[in-house]
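Heads up: the protein sequence lines correspond to chains A and B, in order.
Just remember that my numbering sits 26 ahead of the position in the first sequence, which is counted from 1.
Just remember that my numbering sits 2 ahead of the position in the second sequence, which is counted from 1.
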Amino acid sequence: MSKNKRLAVNIILVCNAIIISYLESFIPIPIPVPGIKLGLANIIILIAIEFLDLKDALFIMTVKCLIIALLTKGVVVLAFSLSGGILSVLGMWFVYHHFSRFFSIKGVSIIGALLHNTGQIGAAFLILKSSIIFYYLPVLLISALITGFITGTIGSAVIREISIKGILHDQNENR
Amino acid sequence: MIKMKTGDDTNFSGMDAGIKLIITLFLAIIPFFCVQNASFIIFFSFFALISLISGISGKTLLKNIAAYVVIIILPLLFGMAVQALIGLFTGSEAVQVNEYQDLFYRILRLFLVWYVTSLYIMTTPMELFLGLLNQILLPLQLLKISVSGFLSTIRFVMLLLAEMGNRFIDSYKELFASYKNKSRKGFYHLVKDMAQVLVSLIAASLADTDKVQEMIVNEAEKGFSYRFRCSFVDFAAVLIFCALMLSIYFIERS
Chain A
27 MSKNKRLAVN
37 IILVCNAIII
47 SYLESFIPIP
57 IPVPGIKLGL
67 ANIIILIAIE
77 FLDLKDALFI
87 MTVKCLIIAL
97 LTKGVVVLAF
107 SLSGGILSVL
117 GMWFVYHHFS
127 RFFSIKGVSI
137 IGALLHNTGQ
147 IGAAFLILKS
157 SIIFYYLPVL
167 LISALITGFI
177 TGTIGSAVIR
187 EISIKGILHD
197 QNENR
Chain B
3 MIKMKTGDDT
13 NFSGMDAGIK
23 LIITLFLAII
33 PFFCVQNASF
43 IIFFSFFALI
53 SLISGISGKT
63 LLKNIAAYVV
73 IIILPLLFGM
83 AVQALIGLFT
93 GSEAVQVNEY
103 QDLFYRILRL
113 FLVWYVTSLY
123 IMTTPMELFL
133 GLLNQILLPL
143 QLLKISVSGF
153 LSTIRFVMLL
163 LAEMGNRFID
173 SYKELFASYK
183 NKSRKGFYHL
193 VKDMAQVLVS
203 LIAASLADTD
213 KVQEMIVNEA
223 EKGFSYRFRC
233 SFVDFAAVLI
243 FCALMLSIYF
253 IERS
């Protein structure tokens, strides 16, 4: 696959991730907790982990975080989302490619959600230099279990459908 | 969704992105050296005035503030509440007033950093901002880091979002509408329905790969458009900035 085609696929996936991320704010969460959302955009990262390279998955996450921070949340928030995002991609990739016998896509998604929230709190600790922020970690971790499971369930169904329809077939062959 | 937030239509969009960036950086760093409350009041008043004059949508600004509150303030308040509760039950003095005071000023300074950088982003056309970054980060090209390539990708994503965003959003809105309507059918059906719609949308968007590839080739030839230019507005902005810095200096000295 040509470099431009790979870039085009990545750009389209980034756009999908941004739009899903934007629209999921309209989905009401049964028990609203500040700072918690479903993280449906993670489905796109799961797709990248399944069908593309680690480099592509990291690229999609980085560009997504950058653009969302620039357009909606502000530069300060970028540090939080980027640290959580990159940690979650690395963790999901490692678990998916080295422990796939023990973890399904749902498990990988839960690990990603846990790492994402941990990374965010870690960044907050470094920036604010206050351990008080760690009291919020259990809340985030419990919610990550639930949201990671939901996202993973939808993600595994999406990945199955994509495999059946052979949508990203040529990308998978080029890995 | 995208267009209104890329700083194309505010009163400061015509200002030079470079001069504005230097002023922004100073305004983001200087609060970390301030200790007087009056300095913070002046900074807040100045930023509020800039927000008003620039014509930034109040809704956009409030959304940004909400993100800051939800991501930074609320978890901290929660942590403080838990710490206070622990102190109450254990009888120990878990709450250190000095610690909270330091934290308060750190949050305040971070808020100012967030505010001034948000003002910059909201009043600077993305094309100019990316062009400026391309020039600033030029030395990294010598280390064989493809800065231009990365910035071009950001531009492609913005272009694609502007071009295809509405179509994508309409399709996704249909998805979420169907999600709402089918919410009585149980989790299994919801997941199945959502997965199917997501797959069809991702497949539909990937069908545009050739079109996007064409766009990449066409846009790559254009390059970035930033050129330094100093207008009367830039000159006035620098003067106002100097006056602000002087007043902060005298307040801090006193």
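For each residue, glycine too, the CB sits at the ideal point set by N, CA and C.
Just so we're clear, the structure is a prediction, and the values are computed from it rather than from any experiment.
* Contacting residues, own chain, Cβ-Cβ under 6 Å from residue 173/B (five flanking each side not counted) -> The beta carbon of residue 173/B lies closer than 6 Å to those of 203 in the same chain, with the five residues before and after it left out.
* Asked: Are residue 197/B and residue 180/A close, meaning C-beta to C-beta below 8 Å?
  -> Taking 8 Å as the cut-off, the Cβ atoms of residue 197/B and residue 180/A count as close.
* Would you report the Cα separation of residue 230/B and residue 57/B, rounded to the nearest angstrom? -> Approximately 24 Å, taken between the alpha carbons.
* residue 117/B by DSSP, collapsed to three states: which one? -> Collapsing the DSSP output to three states places residue 117/B in a helix.
* Three-way DSSP call (helix, strand, coil) for residue 145/A in this model -> Three-state result, residue 145/A: helix.
* Asked: Any idea what DSSP makes of residue 228/B, helix, strand or coil?
  -> Collapsing the DSSP output to three states places residue 228/B in coil.
* Local conformation of residue 18/B per DSSP, three classes -> Coil at residue 18/B, not helix or strand.
* residue 34/A - containing alpha helix (DSSP H), residue span -> Bounds of the alpha helix (DSSP H) holding residue 34/A are 29 to 49.
* What does residue 170/A touch in chain B if you count any residue whose Cβ is under 8 Å from its own? -> Those within 8 Å of residue 170/A in chain B number zero; the least Cβ separation is about 14 Å.
* Asked: Which residue comes first and which comes last in the alpha helix (DSSP H) that contains residue 186/A?
  -> Residues 163 to 191.
* Can you tell which of 105/A, 129/A, 126/A and 194/A has its C-alpha closest to the C-alpha of residue 142/A? -> Cα-wise, what sits closest to residue 142/A is 105/A.
* To do: Would you please verify whether the beta carbon of residue 60/B is less than 8 Å from any beta carbon of chain A?
  => Not closer than 8 Å to any Cβ of chain A, the Cβ of residue 60/B fails to qualify, so no.
* Asked: Applying the criterion that 16 or more other CB atoms from any shown protein chain within 10 Å of the CB defines a buried residue, is residue 32/A buried or exposed?
  -> Per the 10 Å Cβ criterion, buried.
* Cutoff 8 Å: residue 130/A Cβ touching any chain B Cβ -> Answer no: the Cβ-Cβ gap between residue 130/A and chain B never drops below 8 Å.
* residue 234/B, enclosing alpha helix (DSSP H) - first and last residue -> Its alpha helix (DSSP H) spans residues 234 to 255.
* Near-chain B residues of the stretch 84 to 112 of chain A - C-beta to any C-beta below 7 Å -> Under the 7 Å Cβ criterion, the stretch 84 to 112 of chain A contributes 89, 92, 93, 96, 97, 98, 99, 100, 101, 102, 103 and 106.
* Using DSSP with H/G/I as helix, E/B as strand and the rest coil, what is residue 12/B? -> Three-state result, residue 12/B: coil.
* **Cβ distance (whole Å) where residue 81/B is taken to contact residue 48/A below 8 Å** => That belief does not hold up - the Cβ atoms of residue 81/B and residue 48/A are roughly 29 Å apart, past 8 Å.
* Asked: Who are the Cβ neighbours of residue 115/B in its own chain at under 8 Å, not counting the five residues just before and after it?
  -> Hits under 8 Å: 30 and 33.
* Does the Cβ of residue 146/A have 16 or more other Cβ atoms within 10 Å, making it buried, or fewer, making it exposed? -> Within a 10 Å sphere around the beta-carbon of residue 146/A sit 16 or more other beta-carbons, which makes this residue buried.
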